[in-house]
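Residue numbers (our numbering): 441 to 486.
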């Protein structure tokens, strides 16, 4: 029973970690796109 509880707890932690990293990846990707757009706009003004 303890093994089952430990396995369930580890599974929950693992899944939460995956969702956290996926969210961070999306945030970084969005930031990169905005930076790229700003650079393109600055380049066009020159």
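Note that CB positions come from ideal geometry on N, CA and C, so glycine has one too.
query, result
"Could you give the residue range of the alpha helix (DSSP H) that holds residue 461?", "442–485"
"Please report the straight-line C-alpha distance between residue 461 and residue 470, rounded to a whole angstrom.", "14 Å"
"In angstroms with no decimal places, state the Cα-to-Cα distance between residue 447 and residue 459.", "18 Å"
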